[in-house]
Each structure stands twice: as C-alpha cells, then as structure tokens.
Amino acid sequence: MRITGTGHASLRIDTPAGSILCDPWVNPAYFASWFPFPDNSLLDWEALGDCDYLYVSHLHRDHFDAEHLKRFVSKKATVLLPDFPTSEMRDELEALGFTRFLETKTEQVHELDGGLKIMIQALTSPTDGPIGDSSLWVEYDGIRILNQNDARPTDLTTFHALGHVHAHLLQFSGAIWYPMVYELPEAAKRAFGKQKRDRQFDRTFRYIDDLKASNVIPIAGPPCFLDDELWQFNDIFGDEGNIFPDQWVFQQEYAKVGGTNSTVLLPGSVMELTADSAATTHPTDVEEFFAHKREHLEEMRERKRPMIDAAKATWRHPEIDVLKEMKRRIEPLLDESVYLAKGVGGPVRFDLVGYDGESVESIVVDFPGKQVRTYADEKVRYRFRTERALIEHLLFIEEVDWVNSLFLSCRFKATRIGQYNEFVYAFFKCLSEERLQYAEGWYAEQKPDAEDVKLGDWIVQRRCPHLKADLTRFGIVDGNTLTCQLHGWKFDLPSGRCLTSVGHELRSRPAGTPPPAPAGSDSSGTTPAVAAVATPGAIITAEVGATETGATDVGSTAAGGAGSGDAGAGFAGSSASGAAGAPPGSATVSE
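What follows is the structure in structure tokens.
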C-alpha cells in the first residue's frame, strides 16, 4: 500500500485494487485566513485527482475545497459517503459534478472491487464538525490504515477489533479560534494557550496508545496564516501559548513520551507501507525544511498576497441592510428553536465595524425574546466584534454555518459573561431548517445514563453528560472536581453542576451513600448498578478540538485543585469554583 502526502489532512492511498484521494485542500479557507502548510499548490493535481475513489471526511473548508474538487478531481471517481444525518455533503458534491456515490453505513465494512475494504465511522452530534465528522479505515491484502484526521471518537475499539493497524494518521495541532480572539490579559491568554497546546498533544498520545499502530503520521494541521492581520497566529515566535505547533514539533514532543514510530509526510512524500516496514521518500529533507519555516512562510505570504486581496474585494455588499436580513434569516429559526435557544439563555451581541474602521452597529440576537434587534445597552451572554463586510458576505451567500466560516476565520474578537456555552456555536452552525431540526432533535433525544460507576470516593454516571464519553476511561477525580479528559469538561461532584458549560448536570454522590429515590417514587426506587471501578489518574489526559470550551472571561474568580491556567482569568462578572489554577471552562477547545 502506498500513501502519498498531499498536504494538511489530504493524502492519496494507492493499492492494486484502486486509489483513494482523501480531503484535498489547496485554496484559502475561512475568509482567506487559512492556507495549507507546507504549500501543496505546486503538486501535480491533475495526476493526483485521477483517482478511483474520493473521500471527504466532513464539510469543514480545510477538508472540502469545492473549487479544487470541481477543477481537479475526476468526476468518474466514486465518492465514499459518510453516514451523516443530513444530505448536505452529497448535495454539495453533486453540484460539483460528482455522480457516483457509495452511501456507507457507519462502522460497517464495505468490500470494494479487487478486495479493497473500507469502513467509515461517522460522528453525528451537533458538535461534530459541521453536523458530522468521520474517520476512514482501509484494508488491502492484510495492510490496514486508519485516517482519523479531525475526528474525535470516544474510543478506537471499533477499528482495533478489525485487526492490527499499520499506519495511524491523526490530527495533533490546533484548529480553532481559542484563546487568540478573546479579549483577555496577555498573560492569561498565554496560559490558556499553553494549556490547550499541552492537551492537544495529550489527546493525540492517548489515541496513539489506544490503537498501537505500527506507524504514526501527524496530519490535519496546522494551517498557516498569511494575511498580515493574522500573521501572529503562526508558531514562529517561540510562544509556548501558541496552539498551532507543526509536525516537526510533534515529532519532538512525541519523542519525549517514548514515541519512535512517527513519520512526517510533506506534500509529495511517499510511504511504501508493508506489514513490516514503512519506507518513505521526501521531496526535501524534512528537518531542514522546518528549520527554515519562517522563510518558507514569508515567501508564501508574498506569493499568496494577491489571492488574499482578491478575496477581500468580494466581501463588501453595501446594498444589504444587515439588521433586516439577520431578522429575516434568524428570527424564524429562533421561533422554532427550543433546546438551543434555552441553552443559550441570553442575548448575543454582534458589534459590526464599518468600512471606515470606526463606526459600529450593534445588533443583538435575543434568544429568550426570539428576535433580532438593535442593541439596547443590556448585558449580553456573548459579544462578537467583527467587520460588517464579513456579515454582509455571509448574508449575501446565504451561509448556513457561521462557525465554519466567520468563527474559524479568527477575524473577530470575543468576550462573554460566565462559562463557555456550546449552544451558542451549535445554533450559529445550524442556520437552516434541516440543520436546526437535526440539532434540536439530537438534544431532545439525549437520555440520562442509567449506569453508575465508582471513581475514587464518588459514584457517578458512567457516561459524560456532554458527549457520552465513558468516564471509566476518561474520568479523573481531583478533590471535588471530576474532569472528563476527552473534551476537558469539568463537573462539581457535590452538586453535579457542570463547570464548563451551562446545563449538562452530572449524576453524582459520595461512595457509600444510597442513591436518591427516582422522582415520583419512594426510597425503594431502583438503584443503578455500579459497573466498574476506575483508578483516578490511570489514563493519559486528552482533549478534543471542535467546539471551543476555553477560557473564562476577565473578572471572574476561581478556586480549587491542580490544573494549568490563570485562576484570575475569567469572563466579566462571572464567579465559579474549579480546579486550582484552572478557571472553570478553561479545559479545552474542540473542533
């Protein structure tokens, strides 16, 4: 089996039974903020795009490059379609000219022509990608690879059960706006960034340890930022709080925990994978390339500048009445929303900076009031400050996912009162009837977990209230705080209150005390079984990258046990308790 690196999360898999092109991304994404690094635009995409199968893991624009797919990828290719809850991916690909689709079933092995086998695991919560993310498993002649890319499954058991994996490709770097866009003191921002950076590596090492593949290939990041306004986000300034470490940094960090089996694939690198070896050739010396990273970025910046300028020239639409159009687009969705609107629980303010860079129009999306209106000097849950032109363009193109456009562009500033709120971002990625109904239905169907487990001196429900991670594997108890290490969410054990986001209460009680009687019953109610005992600290810490569960805003107080971060950094007016040194909600960012 041959694996050719084609940049970022993109790769081509070649076997005698056929070729699979995965996630080809070349053009700038997210309002011309993100570019692939190293640069892959000079590869022979005519040849690479002449493939038998196409796999797009999800619709994030650094994986789904519509312009590139239309121009370079053969329309004779069969699309390996993940089992997502909506038809958006198929609709998008059909619009580009693709006509052949294999609609896979999640976690079901499909045998293709010539003995090539594939399985796609689809993740379908509202916080997985843009309503869906996925991983691809491939086997030919006993050689197996897992292309996990951005996906964050709760465990890798499904893949492990199919046999030993010879190459594991997965994300390791940041892919989010946190903490850079938050209006925080620089010291707090650095502390939160370092915490996130460390947890990105921890998360990756846990997945690697779970699968125990012969070879590890770090992919899916980081992007580079070539616009002068975003240049500071590149990890070239020696900032330990930068969340975008590159592949060479990963190699060094992996070596610190004993890792010896990782290989960096540059665009154009080729790995010949067998059961016993992974001979790899590169277009240039890898270590030497990253030693001159800054020079490569500076050259790219000058070469891509006209592309960025051309994109910016398309954003202004002065004919659009932003308030009127936001009312038209958003108010019908607010009327229909039950769970998301209740979850946000307050107004969200957009400060739109005019073309002159000075004038500001403030518009509020009032979730309790179910309306979009002019700001009325009230306290708001979140405040986003961005260019008016960006919102104009989102309205002009009728974008249904502002997370997968505006927020991932990092072209905004943010502040909030209180904890991170996942429902804010869930709503703004669901600005269509189909997406909203799916998200509302998903939250409506969530049921309390009936099984309890013992963690340290506490009995808690086995599944995390957030995204159902198994707390016997991911739960860490420190004093009165439980942390789910998959996404870094924290819970106060005496009260069951989630310290990271509103809602998501945890069922918990001290070990040795009887469970409370179920509502509506007497004290003889059924006692949930204690199914397992987990040793606190027995797993590697982990964190995911899809929704931002990051820093609390300026002015809060925090107290509690060990953690990394700045206990004085929180959001205006908030007050909470949590692990010492780590403000509630500072655990992670997911993507």
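For what it's worth, our numbering labels the leading residue of the sequence shown as 518, then goes sequentially. Idealized CB from N, CA, C, for every residue including glycine. Quick caveat: nothing in here was measured; it's all calculated off a predicted structure.
Please report the distance separating the alpha-carbon of Trp748 from that of Leu911.
Locating residue 748 in the sequence shown gives position 231, where the first residue counts as 1. Locating residue 911 in the sequence shown gives position 394, where the first residue counts as 1. Their backbone Cα atoms lie some 24 Å apart in a straight line.
Going by DSSP, what residues sit across from Ala772 in a beta bridge?
Sequence index remark: in the sequence shown, residue 772 carries index 255 (1-based). Answer by DSSP bridge pairing: none, since Ala772 is not bridged.
Whose CA, out of Tyr724, Arg979, Thr532, lies closest to the CA of Thr989?
Taking the first residue of the sequence shown as 1, we reach residue 989 at position 472. Checked all of Tyr724, Arg979, Thr532; the closest Cα to Thr989 is Arg979.
Hey, how far is the Cα of Arg488 from the Cα of Phe945?
In the structure as shown, the chain begins at 518 and stops at 1108. Residue 488 is therefore absent and cannot be evaluated.
Please identify the residue among Thr998, Leu1003, Leu679 whose C-alpha is closest to the C-alpha of Leu1023.
Against the sequence shown, residue 1023 aligns to sequence position 506. In this structure, Thr998 is the residue among Thr998, Leu1003, Leu679 with its C-alpha nearest to the C-alpha of Leu1023.
Assuming Leu610 and Val596 are in contact, meaning their beta carbons sit under 8 Å apart, how far apart are those beta carbons, in whole angstroms?
Residue numbering aside, residue 610 sits at position 93 when the sequence shown is read from its first letter. Residue numbering aside, residue 596 sits at position 79 when the sequence shown is read from its first letter. Confirmed, about 6 Å.
Run through DSSP, which three-state label would Tyr547 get?
The residue given as residue 547 occupies position 30 in the sequence shown. Of the three classes helix, strand and coil, the one that applies to Tyr547 here is coil, per DSSP.
Per the contact definition of three or more C-beta pairs closer than 8 Å, is the stretch 857 to 868 in contact with the stretch 898 to 905?
yes
Checking contacts by CB at 9 Å: is Val920 closer than that to chain D?
This model lacks chain D altogether; it includes just one protein chain.
Looking at C-alpha atoms only, which residue of Gly535, Ala534, Gly522 is the closest neighbour of Val1112?
In this structure the chain extends from 518 to 1108, so residue 1112 is not present and cannot be described.
Helix, strand or coil for Leu840, going by three-state DSSP, please let me know.
In the sequence shown, the residue the question calls residue 840 occupies position 323. It is helical.
Nearest CA to the CA of Tyr942: which residue from Ser1018, Gly958, Gly874?
Taking the sequence shown and counting its residues from 1, one reaches residue 942 at position 425. For the residues Ser1018, Gly958, Gly874, the minimum Cα distance to Tyr942 belongs to Ser1018.
Could you tell me which of Tyr572, Ile880, Gly758 sits nearest to Leu869, measuring between CA atoms?
Along the sequence shown, read from residue 1 onward, the residue named residue 869 stands at position 352. Nearest option by C-alpha distance: Ile880.
Assess, as a yes-or-no matter, whether the stretch 690 to 700 is touched by the stretch 921 to 931 under the definition of 3 or more beta carbon pairs within less than 8 Å.
yes
Three-state secondary structure (DSSP) at Gly863?
On the sequence shown, residue 863 is found 346 positions in, with the first residue counted as 1. Three-state DSSP puts Gly863 in coil, outside helix and strand.
I believe Asp630 touches Gly535 by the beta-carbon criterion, under 8 Å. Please report the beta-carbon distance rounded to the nearest angstrom.
Residue mapping note: residue 630 aligns to position 113 of the sequence shown, counting from 1. Residue mapping note: residue 535 aligns to position 18 of the sequence shown, counting from 1. Your pair Asp630 and Gly535 checks out as a contact, with CB atoms roughly 7 Å apart and the cut at 8 Å.
Which of the three DSSP states is assigned to Ala795 in this structure?
Taking the first residue of the sequence shown as position 1, residue 795 is located at position 278. Strand, per DSSP.
Could you tell me the alpha carbon to alpha carbon distance between Ser1025 and Gln963, rounded to whole angstroms?
The count along the sequence shown starts at 1 and reaches residue 1025 at position 508. The count along the sequence shown starts at 1 and reaches residue 963 at position 446. Cα to Cα, Ser1025 sits roughly 18 Å from Gln963.
According to DSSP, is Val1071 part of a helix, a strand, or is it coil?
Here residue 1071 refers to the residue found at position 554 when the sequence shown is read from its first residue. Caution is warranted here: a pLDDT of 27 is assigned to Val1071, below 50, making its placement in the model unreliable, and no coordinate value can be reported.
With distances taken from CA atoms, which of Thr891, Glu816, Ala808 is nearest Lys841?
Along the sequence shown, one-based indexing puts residue 841 at 324. When only C-alpha atoms are compared, the closest one is Thr891.
Provide the residue(s) that pair with Pro1110 in DSSP beta bridges, ordered along the chain.
Outside the modelled stretch of the chain, which goes from 518 to 1108, sits residue 1110, for which no answer is possible.
Of the choices Ile637, Lys971, Pro1011, whose alpha-carbon is the least far from that of Gly992?
Walking along the sequence shown from the start, residue 992 turns up at place 475. Closest option to Gly992, Cα to Cα, is Lys971.
Check whether the stretch 577 to 584 touches the stretch 841 to 851, taking contact to mean three or more Cβ pairs, one atom from each stretch, closer than 8 Å.
no
Any idea what DSSP makes of Trp832, helix, strand or coil?
As a first step, residue 832 must be located in the sequence shown, where it is residue number 315. Correct three-state label for Trp832: coil.
What is the C-beta distance between Pro735 and Gln764, in whole angstroms, given that I count them as a contact (C-beta under 8 Å)?
As a working mapping, residue 735 is identified with position 218 in the sequence shown. As a working mapping, residue 764 is identified with position 247 in the sequence shown. Yes, Pro735 and Gln764 are in contact; Cβ-Cβ is about 5 Å, under 8 Å.
Please go through the same chain and pick out, in chain order, the residues whose beta-carbon is closer than 8 Å to the beta-carbon of His809, but skip the five residues on each side of it.
For the purposes of this step, residue 809 is taken as residue 292 along the sequence shown, with counting starting at 1. Hits under 8 Å: none found.
How close, in whole Å, do the beta carbons of Phe548 and Lys821 come, if the pair is a contact with beta carbons under 8 Å?
Locating residue 548 in the sequence shown gives position 31, counting from the first residue. Locating residue 821 in the sequence shown gives position 304, counting from the first residue. Here Phe548 is actually not in contact with Lys821; their C-beta atoms are around 14 Å apart, not less than 8 Å.
Name the two residues that bound the continuous alpha helix (DSSP H) containing Met697.
Taking the sequence shown and counting its residues from 1, the one referred to as residue 697 is at position 180. Here Met697 belongs to no alpha helix (DSSP H), and DSSP marks it neither H nor E.
Going by DSSP in three states, Gly614 sits in which element: helix, strand or coil?
Working through the sequence shown from its first residue, we reach residue 614 at position 97. Correct three-state label for Gly614: coil.
Specify the secondary structure class of Val674 as computed by DSSP and reduced to three states.
Residue mapping note: residue 674 aligns to position 157 of the sequence shown, counting from 1. Going by the sequence as given, residue 674 is Thr instead of Val. Helix, per DSSP.
Could you tell me the alpha carbon to alpha carbon distance between Ile662 and Glu620, rounded to whole angstroms?
In the sequence shown, counting from the first residue as 1, residue 662 sits at position 145. In the sequence shown, counting from the first residue as 1, residue 620 sits at position 103. Each residue's Cα considered, the two are about 20 Å apart.
List the endpoints of the continuous beta strand (DSSP E) containing His580.
By 1-based counting over the sequence shown, the position of residue 580 is 63. Neither: His580 is in no beta strand (DSSP E) and is coded neither H nor E.
Rounded to whole angstroms, what's the CA-CA distance from Gln688 to Asp894? Just pull it up for me.
As a first step, residue 688 must be located in the sequence shown, where it is residue number 171. As a first step, residue 894 must be located in the sequence shown, where it is residue number 377. Looking at the two C-alpha atoms, the distance is approximately 42 Å.
Would you report the Cα separation of Asp995 and Phe718, rounded to the nearest angstrom?
Translated into the one-based positions of the sequence shown, residue 995 becomes position 478. Translated into the one-based positions of the sequence shown, residue 718 becomes position 201. So the alpha carbons of these two residues sit roughly 21 Å apart.
Apart from the five residues on each side of it in sequence, which residues of its chain come closer than 8 Å, Cβ to Cβ, to Ala796?
Reading the sequence shown from its first residue, position 279 is the one you call residue 796. Taken in chain order, the residues that qualify are Met788, Glu789.
Tell whether a beta-carbon distance below 9 Å holds between Ile760 and Arg714.
Within the sequence shown, residue 760 is the residue found at index 243, counting from 1. Within the sequence shown, residue 714 is the residue found at index 197, counting from 1. Yes, the pair counts as a contact, with Cβ atoms nearer than the cut-off.
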